[in-house]
Every structure is written in C-alpha cells, then in structure tokens.
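Everything on this sheet refers to the single structure shown next.
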Amino acid sequence: MNALFAVSTLLFYIILFTTLITPYLVIANNGTWQLLQLSIGISAMHMQLLNNDRVIMFDRTDARQSWLPLPHGGNCRHYIDDKIPITDCTAHSVEYDVVSNTTRGLFLQSDTWCSSGSVAPNGMLIQTGGFNDGDRKVRTFTPCSNSTCEWKEVNGGLNVRRWYATNHRLVDGRQIIIGGTKQFNYEFYPKSSSADSKTYNLPFLAQTCDIEENNLYPYVFLNVDGNLFIFANNRAILFNNIKDKVVRTYPMIPDGHPRNYPSTGSAVLLPLRNLESKNIEAEVVVCGGAPRGSFLQANIGQLLEALNTCARLKITDPKATWTMETMPRGRVMSDMVMLPNGNVLIINGANLGVAGWDRAANPILEPFLYKPNSPIGSRFEVQTPTTIPRMYHSATVLLRDGRILIGGSNPHHYYTNREAFYPTETSIEAFSPNYLNPNFASLRPKILKPSSQSNLKYGQNFSVSFHVNGALTQDSLHVTMLSPPFNTHSFSMDQRLLVLTNRKINVTGKSTYEFNVRAPGSPILAPPGYYILFVVHQEIPSEGIWIRISA
-5 MNALFAVSTL LFYIILFTTL ITPYLVIANN GTWQLLQLSI GISAMHMQLL NNDRVIMFDR
55 TDARQSWLPL PHGGNCRHYI DDKIPITDCT AHSVEYDVVS NTTRGLFLQS DTWCSSGSVA
115 PNGMLIQTGG FNDGDRKVRT FTPCSNSTCE WKEVNGGLNV RRWYATNHRL VDGRQIIIGG
175 TKQFNYEFYP KSSSADSKTY NLPFLAQTCD IEENNLYPYV FLNVDGNLFI FANNRAILFN
235 NIKDKVVRTY PMIPDGHPRN YPSTGSAVLL PLRNLESKNI EAEVVVCGGA PRGSFLQANI
295 GQLLEALNTC ARLKITDPKA TWTMETMPRG RVMSDMVMLP NGNVLIINGA NLGVAGWDRA
355 ANPILEPFLY KPNSPIGSRF EVQTPTTIPR MYHSATVLLR DGRILIGGSN PHHYYTNREA
415 FYPTETSIEA FSPNYLNPNF ASLRPKILKP SSQSNLKYGQ NFSVSFHVNG ALTQDSLHVT
475 MLSPPFNTHS FSMDQRLLVL TNRKINVTGK STYEFNVRAP GSPILAPPGY YILFVVHQEI
535 PSEGIWIRIS A
C-alpha cells in the first residue's frame, strides 16, 4: 500500500509539473486559447509590443514584493510604507520574448501604477506618470537584441502629476499627454521648445467630470485632418492642439451613460481606407461601460449590469450622429483590439460593476468579434471562452504573428489576496483568432519582401512580394499597417490601422506574387515610427513584418 501510494504521489507531481511547464491548448472553430506561462511573477497591468518582438509589461511598485526576484546584487527599491521601511529587490516589470516565450525581470525605481505611454518614432517606449513618487516621472525603454536594455527614469519630466492620463503620438513625433486625476489640462513630451514646457488648460475635461462620475483615461485619436478626437464619458470634441482650440463639438451619446474610468468601456478608431482620397473618412466605435451611478452603487456593494451597447460615430461627417448597436452581453473593463484584417476583438472584462478592486463580478470569458463592414445587427460573433477571468488591471496587445497576448488582473498587495473572490493573476495566455486555424493555411500569405525593419517614406510606391496558394484577385487582397499601441485600463493608446492603396498585382512565379502599393501620404495619416505590415487575403492575414515610416 505504501509503495502504491508513493507511486501515485510521484505520478501526481509529474502531472502537476508537466502542467506547469507545458502550455495548454484549447481549440475551437471560433479561436484557440493557449496558456503561455502559469506565472511571470508580476501582474501585467500595462503592455507595449516593441519592434524587436518583445513585449514590455509592468504593474505597480507599491504592491510590495512581487514573485520575481531581481538578479542577486542588482538594484533594490527602498521606501517607507505605513511608516515601515521597505526594501524591495523584486521586479515589477518584465521583458517578454515572444519567440522564445521567456521573460526577463526589469528594475523600476518609481511607482508606475495607472500610468500611460507611447512609442517614439525611433522605437523607444516613453512611459509617463503614475502614483506618488512616480506621478511626474518619465521613463524610457530602448529595445535591444542582447537583453541588456533597462528602464531609465527622469525626475520631473512632467510639468504636473499625471495619474490615469492618456498619451498620443503626434504628427511631429512628440507625445501629447492629456488629463489624469484632477488634471484638466495637457502637456507635451519631449520638451524640445519653450512651448513644450507649458501646461495648457483643457476645460472640456472639467466639463465632463462631476461628483458622480470621473472621466480618466480619455479616448484620444488623431483624426485625418490633423486634429485630435477626444472622448470623455459621453461627449466628444475635435481639438486643434497647435492652436489650443476646440474646433468642433459632437453630439452626446444618446443614452447619456459614461464610458471612461471608472465606468471603463473601450474605444477604437476603425481602419482608415482610401488614403489617396480628398475626403478620407474616419469612424470611432465606443463599446461597453457602466450605467450612470454604477460607481457609487458599487461602493455600497450593489453591482449594476454593464452596458451592452456600442456607439459608432463617423467623426469626419459634417452632420455626424451616433449610431447605437447591441453587443451579445454587457461588458465593463473590456479591451478593443484591432486585428490585421480590420475586424475588432472585444476581450476581457466583466458583466457587473465598475473598475476597481472587488467592484466587479461575473467575468466575461468569451471574446466578441466585431466585423465593422457587416450589416448592422450581424456584426458580432461570440468566440471561444478562456478559463481565466481577466478583470481590473488586465492588459492585452496584438502580436506580429496575429495572436493576441493577454495578462494581468487584480494586482493586490503581495500579489495575492486569499479573501478576494478574484485574486491577483500573474499568468499570460494567447488567443489565436479563427484566421490562424490550420484549415486556412492555404489561404494565408507569406511575405517574401520587403524584409523586416524596412524603411518607408511618405507617399512612397513600393512592392510587397508574397507567396500564397490559389488564384488571387485584387478585390480579395489588401495590405494593412498597424501601429502597435500602449495598452492599459481597457484602452489602447496610439492604436491605428491603415489599409494601403492598391496599385497592381503581378504574378512572379508559381504561387508567388508582387503587390504594388503606396505608403500613406503624410504623418497626419500615419505618425512617424514603427508599424507592422500585413498582407491580408480573404480576411486571412500573413505574419507581419516591421516597417518604419518617416519623412
């Protein structure tokens, strides 16, 4: 009996160990889920894909020691918490290598809780603000290939404290940083001129913030006329940051409910097409959120059902009005991820409550696929569910291979809370949309040239060579380029997809083709920097390649 028990115990631990180190795979017709790592040691609150195919993930340094020790003899963070001296020699940021599925701990000195960021034209991540000692910090991370790059921090890089702000890359490569807690203003980074050193009031942020609802992490998109579309709670403006002037005010969303933190819906700029037209259209979709009053009700333990509506607005239309659509379920704290083929994946979140610790319930495990070009009423498809709730402080980004990386949720102190119904989540997983189904392998293009890291100029005509099985028509094929966003708190800053203008398809060999296309004509359409280029055939995208566009 003892021998049998010993063998059974050994088998149990072998199975357990195998489970911990072997990613699981769940396959279905509407997508595939894969657990990549059971724990990366931190909870991924913020994510950014860089042009070396590594993802920077980080959370907050005030959560005390994480589960990922820094190398012995490395940096430690020293601070006072509740009048108790704390020495923290653990990582609160990691560099995740997509290809090898490995992570490397990174040292952060200041607190990045609920901060923001954007990538500069040279590929450097510029990360701003946070909590307490981090609220005026600017941190930079320059990608490298030899795993020696680390965070660099600049004290006083911001004019004012920025907590829950939004960043956006502008046509000249600078960042505009908008809002934050008790900050109804904006500023620029880097501070390359005297004008950049100023802080500018933005009354719209004060007008959309009241006692009942906050309006943090406003949704910001660069419009095709060079102005900024800024959305806060249920209202939107078009703003000229050069003249510091509101040039247009849009109608309020018909139901009047708030969509920004803590009501926390999400928003996306739909793909920009017909880039050589004199009248390029731009359209924004805002989905989910929480009904007015939900935050106050959540504070007394009453969790209201999240909004099941999406509001869609053609922001270039002189008579723009919101069109309302209905999702399969109400969602709060969901992310809207732009896919290479122009569809949108709505992922993560909950059905009840608002953003905040233990202020939400009923996690929604099934992503929704939104097809913006389908007829209204038939745009949503429910996808395969995950098994891991991703709620407050979860994050997600699209990878170059077409998968969606997901991590984080509820980063409590010491990265655990046994009493919490939804404890801290330190795993990462990947969702593969149905376009990566092996059954579509014959339709999937493979880019032959240009090579990755190629440089493009605005308005440049260039050729994309690729291999694909089967006959092609120009209508079934297009080339897209995506700006990889900085994601946190259910919003992807700088997310942008452009459909390039088709010129001509040439047959160059057996199942090989050359597609002549034109790069976007100006930085108003595509701010300078790194993008991922895809060839899409019958809605099946290739693996992308990195390109860099500049003047």
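Each residue of the sequence shown is one higher than the last, beginning at -5 in the working numbering.
Beta carbons are placed, not taken as given, at the ideal position from N, Cα and C, and that holds for glycine.
Cβ pair residue i, residue j closer than 8 Å
| i | j | result |
| --- | --- | --- |
| residue 180 | residue 170 | yes |
| residue 52 | residue 119 | no |
| residue 111 | residue 156 | no |
| residue 480 | residue 42 | yes |
| residue 61 | residue 420 | yes |
| residue 332 | residue 281 | no |
| residue 475 | residue 541 | yes |
| residue 532 | residue 430 | no |
| residue 343 | residue 535 | no |
| residue 217 | residue 232 | yes |
| residue 334 | residue 538 | yes |
| residue 424 | residue 398 | yes |
| residue 546 | residue 131 | Within the shown structure, residues of the chain are numbered from -5 to 545, placing residue 546 beyond reach of any answer. |
| residue 160 | residue 113 | no |
| residue 260 | residue 284 | no |
| residue 433 | residue 512 | no |
| residue 554 | residue 36 | Because the chain in this structure spans residues -5 to 545, residue 554 falls outside the shown range and cannot be described. |
| residue 341 | residue 400 | yes |
| residue 190 | residue 198 | no |
Backbone CA spacing between residue i and residue j [nearest angstrom]
| i | j | result |
| --- | --- | --- |
| residue 49 | residue 327 | 21 Å |
| residue 263 | residue 222 | 12 Å |
| residue 316 | residue 63 | 49 Å |
| residue 178 | residue 211 | 12 Å |
| residue 443 | residue 339 | 28 Å |
| residue 203 | residue 240 | 17 Å |
| residue 416 | residue 90 | 24 Å |
| residue 544 | residue 229 | 33 Å |
| residue 453 | residue 514 | 5 Å |
| residue 105 | residue 129 | 8 Å |
| residue 360 | residue 184 | 40 Å |
| residue 209 | residue 509 | 44 Å |
| residue 22 | residue 378 | With a pLDDT of 49 at residue 22, under the threshold of 50, the modelled position of this residue cannot be trusted; read the value that follows with caution. About 6 Å. |
| residue 525 | residue 108 | 25 Å |
| residue 375 | residue 366 | 12 Å |
| residue 292 | residue 347 | 6 Å |
| residue 164 | residue 76 | 41 Å |
| residue 16 | residue 116 | Bear in mind that a pLDDT of 37 at residue 16, under 50, signals an unreliable position, so the number given afterwards is only what the model happens to contain. Each residue's Cα considered, the two are about 36 Å apart. |
| residue 530 | residue 439 | 7 Å |
| residue 187 | residue 173 | 21 Å |
| residue 520 | residue 308 | 19 Å |
| residue 506 | residue 466 | 10 Å |
| residue 227 | residue 254 | 5 Å |
| residue 373 | residue 68 | 51 Å |
| residue 408 | residue 59 | 6 Å |
| residue 403 | residue 418 | 6 Å |
For residue i, the nearest candidate out of the options (CA to CA)
| i | options | result |
| --- | --- | --- |
| residue 352 | 390, 359, 406 and 318 | 406 |
| residue 142 | 191, 97, 271 and 56 | 97 |
| residue 235 | 398, 78, 192 and 268 | 192 |
| residue 45 | 59, 435, 446 and 440 | 446 |
| residue 127 | 311, 448, 73 and 95 | 73 |
| residue 39 | 498, 422 and 440 | 422 |
| residue 578 | 125, 140, 271 and 121 | Since the first and last residues shown for the chain are -5 and 545, residue 578 lies out of range. |
| residue 100 | 295, 506 and 145 | 145 |
| residue 136 | 151, 78, 47 and 125 | 47 |
| residue 266 | 278, 380, 448 and 95 | 278 |
| residue 304 | 441, 295 and 319 | 319 |
| residue 251 | 286, 237, 276 and 219 | 286 |
| residue 175 | 151, 125 and 182 | 125 |
| residue 570 | 294, 355 and 426 | Past the edges of the chain, shown from -5 to 545, lies residue 570, and the structure says nothing about it. |
| residue 380 | 358, 139 and 200 | 358 |
| residue 272 | 449, 523 and 516 | 516 |
| residue 314 | 345, 268 and 242 | 242 |
| residue 523 | 493, 477 and 491 | 477 |
| residue 200 | 225, 220 and 219 | 225 |
Residue-chain proximity (residue i, chain C), Cβ-Cβ < 8 Å
| i | result |
| --- | --- |
| residue 354 | No chain C is present in this structure, which holds just one protein chain. |
Below 8 Å, how does it come out for the segment 284 to 303 and the segment 316 to 323: are there three or more Cβ pairs, yes or no? yes
Mind pulling the beta strand (DSSP E) runs of 3 or more residues that sit fully within the segment 237 to 289? 239 to 243, 260 to 263 and 277 to 281
Would you call the segment 474 to 492 in contact with the segment 385 to 399, where contact means no fewer than 3 C-beta pairs closer than 8 Å? yes
At a cut of 8 Å, does the segment 453 to 465 reach the segment 500 to 520 through at least three beta carbon pairs? yes
Within the chosen definition, does the segment 379 to 389 reach the segment 344 to 364 through at least 3 CB pairs nearer than 8 Å? yes
Whether or not the segment 468 to 475 and the segment 244 to 255 are in contact is what I'm after, with contact meaning three or more pairs of Cβ atoms, one per stretch, closer than 8 Å; do they touch? no
Count Cβ pairs between the segment 74 to 83 and the segment 23 to 36 that sit closer than 8 Å; are there 3 or more? no
At which residue ranges does the segment 307 to 342 contain complete beta strand (DSSP E) runs of 3 or more residues, listed in the order of the chain? 317 to 320, 329 to 332 and 338 to 341
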